[in-house]
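Read the structure below first, then the notes.
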Amino acid sequence: MSIKLLQGNQAVVEGAIAAGVKFYGGYPITPSTEIAEQLAARLPQVGGKFMQTEDELAGIGAVIGASMGGKKAMTATSGPGFSLKQELLGLACTAEIPIVVVDVQRVGPATGQPTSPAQGEVMMTRWGTHGDHWVIVVSPVSVPECFWLTIRAVNLAEKYRVPVIILMDEVVGHMREKIELPDDYSTIETVDRKRPDCAPEDYLAYGTKGDDLVPPMADFGSGYRWHVTGLIHDETGFPKGTPDATLQSLNRLHDKIYKNLDDIVTFENYKTDDADYVIVSFGGAARTAYDTVDMARKEGLKVGLFRAITLWPFPEKQVQELASRVQGILVHELNYGQYVLEVERVVAGKCPVWLYGKYDNSSAAPKQLLDELKKHLGR
Amino acid sequence: MGMEQLLEKYFRPGRLPHIWCPGCGHGIITGAIVKAVDKLGLSKDEVAVISGIGCSSRASGYLDFNTANTLHGRALPIASGLKMANPKLKVIVPSGDGDAAAIGGNHLIHAARRNIDLTLIVYNNSIYGMTGGQYSPLTPKGSKATTAPYLTIEPAFNLLDLAKAAGATFVARSTTFHVQNMVDVIAKAIEHKGFSIVECVTGCPTNFGRQNKIGSAPKMIEWQRDHGVMIGAWNRMDDETRAKALADGKFPIGVLYENNDVQEYTEAYDELIKRAQGGK
Amino acid sequence: MRHNFRFAGTGGQGLITAAIILAEAAIEDNKEAVQSQSYGPEARGGSSKADCIISDDKIWFNRVVCPDVLLAMSQEAANKYTADCDENTVVITDSLFVKDLPGKHKERYDLPITHTAVNECGKTLFANIVALGAIVALTHCVSDESIVNAVLGRVPKGTEEANKKALKAGMDLVRNYKK
């Protein structure tokens, strides 16, 4: 292990290298640019390739193409660029091309504020592209977590053949923090997509076996000739638009994620065991909440923090369990109120749900968050 | 190899008949691609066909290569990523005039600028066929289209001049009348190491011909015969004759430009990797 | 023990680098440290701000709300950031640039930081390292050994001796300071 002071964005870069990412395509955009700059240096050192594309669309497009060619591939962007990438994200969903997209959020809409903290892209990660679709979204709270969660994102993308979005914010992306980096990345557990082991003539590009809902994926050029399409398709991979085929296709895209929630959903409970009140938060906003919890406990208030690490799929079971035993949940996020909607849906009235949404381009100080909680408690 | 054997060898069983209208020239172009691949003796495993959206883009699904029918305008970036991942693949991009010159126009000029080894085949039927006859950036000025009921007022791109200016190192044109020529130039384009573009002039009797009262499919092919001039003959014209030919809507066909002195992008990247790893 | 530092001045004074070096020294001392800064046009010639927090315990909230030590390397920075200070804040000012010190603070060390950089090392660009020396001598937030190592780990080859000199000169400014 070597101990270093790294930016969150730098830790993402090291995580990508450790995970075996061999291709990056993207367009520079604040506050994610350091990821592109540093991968431009790091990737060729490990035999990988970096491409600065003409625009955001080409960035994710090239990443999809490289993944079809068998490489672990990634792009990074921020709000305006993430908006532009949405159609291609949908292609990766329906064609089941494993990719990782890092979105370091900024204040929006439009140009907004490029270098200020905000978390206004929570719902866009879930619903950004058109049509019913399912993705995995993870959100790191610290520089070390940027490293490990990037590895996990790449692994999940490979395992489930799905786009995985690393949803970051300026707080975590730009801050420098202590991180212990393994000296030898080859000791880190990585996942490679399943590849077909049948004879090429027997290969069904989207054929699955038994409970395993993720079809093996052949590299273009490996002797298994198959067809990628953004059209609704059947197990052959060719377009089929019947109601049955549509239903089957969409159901499997859903089920391959939602039947594996125990494997996919991660979270952290901080002092929730005996908590009367729980703060639900994620990413940079959660850094405030840890301190708020400790501050509250010094005042005799039993407060805990539930930190969603996997934002989508939503940690439904866990939040329901909390709601059944606490007296109130305060959602803290850096927006006008997005994740709170999902918390409210899941809690379904079992306990009060309050929101402290901060959208003034700065993160909340721990005392501000505590005051907000106390306001709801009438203290 | 006759067309029947070519069909059997290169087209996917069960994927035909194609969706193209009677009289559409897209089948001729797709056939020419297959003939060019066959002529070069390429294995099916080493060929990838990456298309966007539109009538032309459906070609990928019919062909028994590594294929993708992706998104409107985005075939070139996806093809670029694939080529970077596996430079051994011969990557062919069938595209329409809307796909390549409008929604994907930015990708075209940048793929050309990089000189990445892709072969872009533009099925130019001067119209948006799949959506029912709206004008494209290659629709001649003064044409009728469903979105130009009072005739188009926009001039058309000269797509090949554009690509050449952007850095394409192989530029060719053919028509669905000049089939043998088309096969030859596509084969040369695939062989060329660098970004190559072949504009294949084709007819859309359903959506361009009918609106513009050009007549039947054979009439459109006759028009190609009468307006496509082999590059040798074109170059032999004196200035006055060429100016008149241009004014009459004639155009040169064949290999219009080829430059083998520019380094190809993935090769340049391999050198970059050596530099990054401490080599020269 | 937790130290909240703010480095403020003008873009080009090397204040972000100084904050990073301080955080790196803290890590070498086995402490926790986080560092952040303001971005954008400010970093290109306008005002510049970098925060660094050093602590024996885990640091979560990473923004400095009220600095324990404010380094003000311009009058504008002094005006703007003393607003965040309270009666416990120690302010270090560069006597070349800062005349007035509005707002609350505990005490002011008015040090000839840039003068010293020029006189001792020949260039204004060593001012950030002089300032670092002053901060370390004042707070003892990191060990002398670590700050030297951290400085040497960040500065261009060939400038090591000049930087060591700058660091020591900064420490001496505080040690010899007469209020």
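Protein chains in written order, with this note's numbering: chain A, 1 to 379; chain B, 380 to 659; chain C, 660 to 838. Just so you know, even glycine gets a beta-carbon here, dropped at the ideal spot from N, CA and C.
In this structure the segment 460-472 of chain B does not lie against the segment 223-235 of chain A, because fewer than three pairs of beta carbons, one per stretch, are closer than 8 Å. Contact annotation: Gln7(A) and Glu34(A) have beta-carbon atoms nearer than 9 Å. Taking 9 Å as the upper bound on Cβ-Cβ separation, chain A lies near residues Arg391, Gly393, Arg394 of the segment 381-413 of chain B.
By the rule that beta-carbons nearer than 9 Å mark a contact, Arg722(C) touches chain A.
Neighbours of Ser363(A) in chain C, taken as residues whose beta carbon is under 7 Å from its own, are Arg722 in chain order. As the crow flies, the alpha-carbon of Thr669(C) is around 13 Å from that of Thr676(C). With 16 or more neighbouring CB atoms inside 10 Å of its own CB, Gly108(A) falls in the buried class. Close to chain C, meaning a Cβ-Cβ distance shorter than 7 Å, are the following residues of the segment 287-298 of chain A: Arg287, Thr288, Tyr290, Asp291. Shown in chain order are the members of the segment 445-456 of chain B whose Cβ falls below 7 Å from a Cβ of chain A: Asn445, Thr446, Ala447, Asn448, Thr449, Leu450, Arg453, Pro456. Bounds of any alpha helix (DSSP H) do not take in Trp354(A); it lies within the beta strand (DSSP E) bounded by 353-357.
One alpha carbon belongs to Leu330(A), the other to Val154(A), and they sit about 32 Å apart. Look at Gly70(A): its C-beta is under 9 Å from a C-beta on chain B.
Nearest in C-alpha terms to Tyr514(B), of all of Val501(B), Leu530(B), Ile500(B), is Leu530(B). Closer than 9 Å to the CB of Leu468(B) there is at least one CB belonging to chain A.
Assigned with DSSP and collapsed to three states, Phe23(A) falls in strand. In the three-state DSSP reduction, Tyr507(B) falls in the strand class (E or B).
Here Asp476(B) is buried, its C-beta having at least 16 other C-beta atoms within 10 Å. The beta-carbon separation of Ala199(A) and His227(A), rounded to 18 Å, does not stay under the 8 Å limit for a contact. A direct Cα-Cα distance of roughly 6 Å separates Val577(B) from Val550(B).
The segment 117-131 of chain A makes contact with the segment 354-364 of chain A: 3 or more CB pairs, one atom from each, lie closer than 8 Å. Shown here for Gln694(C): same chain residues with a beta carbon closer than 6 Å to its own, the five before and five after excluded, namely Ala678, Ile679, Ala682, Cys711 in chain order.
When DSSP reads this structure, Asp710(C) sits in a beta bridge with Arg665(C), Ser695(C). Every beta strand (DSSP E) stretch that sits fully inside the segment 601-653 of chain B and reaches 3 residues is listed by chain position as 607-609, 630-637. Excluding residues up to 5 positions away in sequence, Thr310, Pro313, Pro315 lie with their Cβ nearer than 7 Å to the Cβ of Val265(A) in the same chain.
For Leu421(B), no CB of chain A lies under 9 Å from its own CB, so it is not counted at the interface with that chain. Following the DSSP letters along the chain, one finds His332(A) inside the beta strand (DSSP E) bounded by residues 328-333. Residue range 445-448 is occupied by the beta strand (DSSP E) that includes Asn445(B).
With respect to the 9 Å criterion, Pro726(C) and Asp753(C) are not classified as neighbours on the basis of their beta carbons. Closer than 9 Å to the CB of Glu683(C) there is at least one CB belonging to chain A.
At a beta-carbon threshold of 7 Å, none of the residues of chain A lie near Gln513(B); the nearest stands roughly 20 Å away. Taking one beta carbon from each stretch, the segment 7-17 of chain A and the segment 142-157 of chain A have 3 or more pairs nearer than 8 Å; the two touch.
Proximity to Gly48(A) across Ser67(A), Asp202(A), Asp244(A) peaks at Ser67(A), based on C-alpha coordinates.
Sequence-ordered contacts of the segment 173-186 of chain A with chain C read His174, Met175, Arg176, Glu177, Lys178 [C-beta pairs closer than 7 Å].
Identification of chain A residues near Ala480(B) by a Cβ-Cβ cut-off of 9 Å yields none; the smallest Cβ-Cβ distance measures about 15 Å. Counting only runs of at least 3 residues, the segment 716-760 of chain C fully encloses the following beta strand (DSSP E) elements, listed from N- to C-terminal order: 728-731, 749-753. By the criterion of a C-beta distance shorter than 7 Å, Lys765(C) is surrounded in its chain by Glu746, Asn747, Thr748, Val749, once the five residues flanking it on both sides are discounted.
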